[in-house]
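**Q** First the structure, which I've put down as structure tokens, then a few questions once you've had a look.
In our numbering, the protein residues as written are 4 to 160.
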């Protein structure tokens, strides 16, 4: 079970250069249900996600590079690329996954925080630098971004 909340970010008030990150490329084979393939650095996998916004089932299966490339060629919509920074959240056990999008969505920044339970997710108080929460709208789900005709970046609250 994946339980997460997602926020738009307009300004990062500190230097992220020293934080670890992953280079991510992902493509969607289906959006209902969500089936995607992802390259994260030198690791490849296929992911199935059930319906849902804050909480949903998620299953990952490892792929070879060749399988990934074959499936990526069958993708619907655009292939998303981003740099994902892993930022420990001070005073908590949580890690902020800060996605800085590249390519067609350059300029888009989203922060996600994963939780051990729905209760913990509902109790979460985001840092002041987080912008508008988009968890429950679904408008910034990656599967939607892959198929969107044009995204208007609305980072202000």
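By construction, the Cβ of each residue, glycine as well, lies at the ideal position given by its N, Cα and C atoms.
Since this is a predicted model, take the numbers as computed values, not measurements.
Assuming residue 58 and residue 121 are in contact, meaning their beta carbons sit under 8 Å apart, how far apart are those beta carbons, in whole angstroms?
**A** 6 Å
**Q** Among 104, 91, 142 and 138, which residue has its Cα nearest to the Cα of residue 10?
**A** Comparing alpha-carbon positions, the option among 104, 91, 142 and 138 lying closest to residue 10 turns out to be 138.
**Q** What does the alpha-carbon distance come out to for the pair residue 22 and residue 90?
**A** Across the structure, residue 22 and residue 90 are spaced so that their CA atoms are roughly 6 Å apart.
**Q** Would you kindly work out how many angstroms separate the C-alpha atoms of residue 117 and residue 110, rounded to a whole number?
**A** 23 Å
**Q** Please report the distance separating the alpha-carbon of residue 81 from that of residue 108.
**A** Between residue 81 and residue 108, the alpha-carbon positions lie close to 10 Å from each other.
**Q** Measuring alpha carbon to alpha carbon, tell me which of 85, 39 and 54 ends up nearest residue 112.
**A** 85
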